[in-house]
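Undergrad: Residue numbers (our numbering): 265 to 596. Each residue gets a CB set at the ideal place from its N, CA and C atoms; glycine is no exception. Could you have a look at this structure, given as structure tokens, before my questions?
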Ligand code: PBG
């Protein structure tokens with residue numbers, strides 16, 4: 265028995281109306297960004313096995329998918345490219361003929377108000393699957409050449425923006441890439457285009473299904489020399505501060521649920537909008553459990569997204585975007 269009978273939190277949870285009145289966080293469709301994989305071809309809608317209900321689209325069917333998102337009120341999509349051919353320097357990534365450029369042109373022509381963001385990285389395009397070019401003087405297994413990668417990333421970003429992208433999102437984790445991209449955009453008349461930086465990006469096991477979707481698993485080694493150690497919080501804050509200084513407009517934390525503390529820290533410390541990437545593994549886990557009847561997909565997904573909002577993210581990149589937009593409508 266409480267000594268303070270007036271101090272009863274449950275009073276405010278007693279009815280649905282009271283719960284609505286005291287709710288501190290809400291998820292809105294405006295918070296959602298839908299990630300889409302684009303590949304060459306026409307009329308393609310190829311299922312991704314480790315990510316049920318997600319597909320690889322050709323530039324024409326990507327428009328149909330984006331229209332569905334836009335019709336539900338989703339403000340933005342982020343595109344990932346799957347090239348025809350991979351090579352040592354990821355040349356399709358920075359070519360003006362890339363599949364991402366084709367898709368951006370098509371989507372912007374059909375849906376001018378949809379914000380089209382592009383992921384900027386080399387790992388989908390390199391034959392070794394690393395996010396930068398590899399220096400291997402003796403033909404041995406090499407090291408990632410950070411500084412030689414920067415001009416290629418800048419070129420990739422510029423090609424996307426020339427095709428009509430509204431925002432670029434570098435995910436490679438090379439040091440100095442936000443500054444390099446900012447300078448390239450500014451020098452070419454695109455000083456108005458914002459950069460959403462994957463700033464605090466851990467070397468995480470939760471990207472597995474994405475790598476299957478994009479065929480981008482590294483052929484040797486791993487990404488721990490450039491992605492962050494999940495053990496480190498202060499390092500994440502330092503990465504975010506550096507990206508701010510280099511000119512980032514939005515800071516991203518990734519993955520989302522294993523990093524709620526960093527989302528909270530970022531929201532408290534920086535005055536830029538914070539994005540969080542609810543990544544492929546976070547999606548696949550709940551999908552797999554739901555398929556077995558072990559979890560209620562809608563409840564688990566919406567609780568995850570709400571928790572990411574509560575931690576302080578304004579933008580949430582999530583494969584549930586379309587479904588979540590529908591669920592939000594049902595609840596209205
Ligand atoms: C590219 C990139 C990755 C993701 C987003 N951009 C893969 C990686 O870093 O290995 C992962 C997104 C997801 O898992 O949903 N570097």
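1) Please work out which residues of its chain come closer than 8 Å, Cβ to Cβ, to residue 539, disregarding the five sequence neighbours upstream and downstream, and give them in chain order.
2) Could you pull out every residue in the same chain whose Cβ sits closer than 6 Å to the Cβ of residue 593, ignoring the five residues on either side in sequence?
3) Is residue 523 close to the ligand PBG? I mean its beta-carbon at under 7 Å from any heavy atom of the ligand.
4) Between the C-alpha atoms of residue 427 and residue 491, what's the straight-line distance to the nearest angstrom?
5) Helix, strand or coil: how does DSSP classify residue 304 here?
6) Go through the region 434 to 521 residue by residue and report every complete run of the alpha helix (DSSP H) that reaches 4 residues or more, in order.
7) For the 8 Å Cβ check, are there 3 or more pairs between the region 267 to 284 and the region 311 to 321?
8) Looking at the ligand PBG, does it come within less than 7 Å of residue 475, judged from the CB to the closest heavy atom?
9) Can you give the Cα-Cα distance for residue 412 and residue 453, rounded to whole angstroms?
10) Which runs of the beta strand (DSSP E) fall wholly inside the region 342 to 427 and span at least 3 residues, in chain order?
11) Enumerate in chain order the residues of its own chain whose CB-to-CB distance from residue 678 is below 7 Å, with the five nearest sequence positions on each side excluded.
12) With DSSP collapsed to three states, give me the class of residue 273.
13) In this structure, does DSSP put residue 323 in helix, strand or coil?
14) Check whether the Cβ atoms of residue 543 and residue 484 sit closer than 8 Å, and answer yes or no.
15) Name the one or two DSSP bridge partners that residue 431 has.
16) Using only the alpha-carbon positions, how far apart do residue 500 and residue 546 sit?
17) Determine the burial state of residue 318: buried for a count of at least 16 other Cβ atoms within 10 Å of its Cβ, exposed for fewer.
18) In angstroms, rounded to a whole number, what distance separates the CA positions of residue 363 and residue 565?
19) Determine the direct distance from the alpha carbon of residue 521 to that of residue 340, and round the result to whole angstroms.
20) Return the residue from the list 489, 531, 534 that minimises the CA-CA distance to residue 398.
21) On the premise that residue 589 lies in contact with residue 327, defined as a C-beta separation below 8 Å, what is that separation, rounded to the nearest angstrom?
22) Applying the 10 Å Cβ sphere with the 16-neighbour rule, what's the burial state of residue 510?
23) Going residue by residue through the region 543 to 584, where are the continuous beta strand (DSSP E) segments of at least 3 residues, counting only ones entirely within it?
24) By the DSSP assignment, the beta strand (DSSP E) with residue 309 in it spans what residues?
25) Which of helix, strand or coil does DSSP assign to residue 286?
26) Quick check on residue 286: buried or exposed, where buried means 16 or more other Cβ atoms within 10 Å of its Cβ?
TA: Short version:
1) The residue labelled residue 539 in the question sits at position 275 within the chain shown. So the list reads 297, 460, 514, 515, 516, 517, 577, 578, 579, 580, 581, once near-sequence residues are dropped.
2) Taking the chain shown and counting its residues from 1, the one referred to as residue 593 is at position 329. Here the set comprises nothing.
3) As a first step, residue 523 is located in the chain shown; it is residue number 259 there, counting from the start. Because no heavy atom of the ligand PBG lies under 7 Å away, the Cβ of residue 523 does not count as near it: no.
4) The count along the chain shown starts at 1 and reaches residue 427 at position 163. The count along the chain shown starts at 1 and reaches residue 491 at position 227. About 29 Å.
5) Counting from 1 along the chain shown, the entry for residue 304 is found at position 40. DSSP places residue 304 in coil when its eight states are reduced to three.
6) 441 to 451, 472 to 478, 498 to 510
7) no
8) Stepping through the chain shown from its first residue, residue 475 is reached at position 211. Checking the Cβ of residue 475 against the ligand PBG gives yes.
9) Here residue 412 refers to the residue found at position 148 of the chain shown. Here residue 453 refers to the residue found at position 189 of the chain shown. The straight-line gap from Cα to Cα measures roughly 24 Å.
10) The DSSP assignment places complete beta strand (DSSP E) segments of no fewer than 3 residues inside the region 342 to 427 at 379 to 384, in order along the chain.
11) This structure gives no information on residue 678, because the portion of the chain shown stretches from 265 to 596.
12) Numbered from its first residue, the chain shown carries residue 273 at position 9. Helix.
13) As a position in the chain shown, residue 323 is number 59, starting the count at 1. Looking at residue 323 - three-state DSSP - the assignment turns out to be helix.
14) Taking the first residue of the chain shown as position 1, residue 543 is located at position 279. Taking the first residue of the chain shown as position 1, residue 484 is located at position 220. Not in contact: residue 543 and residue 484 (Cβ atoms no closer than 8 Å).
15) Mapped onto the chain shown, residue 431 falls at position 167. DSSP, once it has assigned bridges, lists 381 as partnering residue 431.
16) Your numbering for residue 500 matches position 236 in the chain shown. Your numbering for residue 546 matches position 282 in the chain shown. About 20 Å.
17) Here residue 318 is taken as the residue at index 54 of the chain shown, counted from 1. Result: buried.
18) Locating residue 363 in the chain shown gives position 99, where the first residue counts as 1. Locating residue 565 in the chain shown gives position 301, where the first residue counts as 1. The alpha-carbon atoms of residue 363 and residue 565 are separated by roughly 31 Å.
19) Against the chain shown, residue 340 aligns to sequence position 76. Against the chain shown, residue 521 aligns to sequence position 257. Separation of residue 340 and residue 521 (C-alpha to C-alpha, rounded to the nearest whole angstrom) is 21 Å.
20) Here the question's residue 398 lines up with position 134 in the chain shown. The option with the nearest alpha carbon to residue 398 is 489.
21) Sequence index remark: in the chain shown, residue 327 carries index 63 (1-based). Sequence index remark: in the chain shown, residue 589 carries index 325 (1-based). Not confirmed; about 18 Å, so no contact.
22) Numbered from 1 along the chain shown, position 246 holds the residue referred to as residue 510. That one is buried.
23) 579 to 582
24) Taking the chain shown and counting its residues from 1, the one referred to as residue 309 is at position 45. That run of the beta strand (DSSP E) goes 309 to 311.
25) Stepping through the chain shown from its first residue, residue 286 is reached at position 22. It is coil, neither helix nor strand.
26) Your numbering for residue 286 matches position 22 in the chain shown. Residue 286 comes out exposed.
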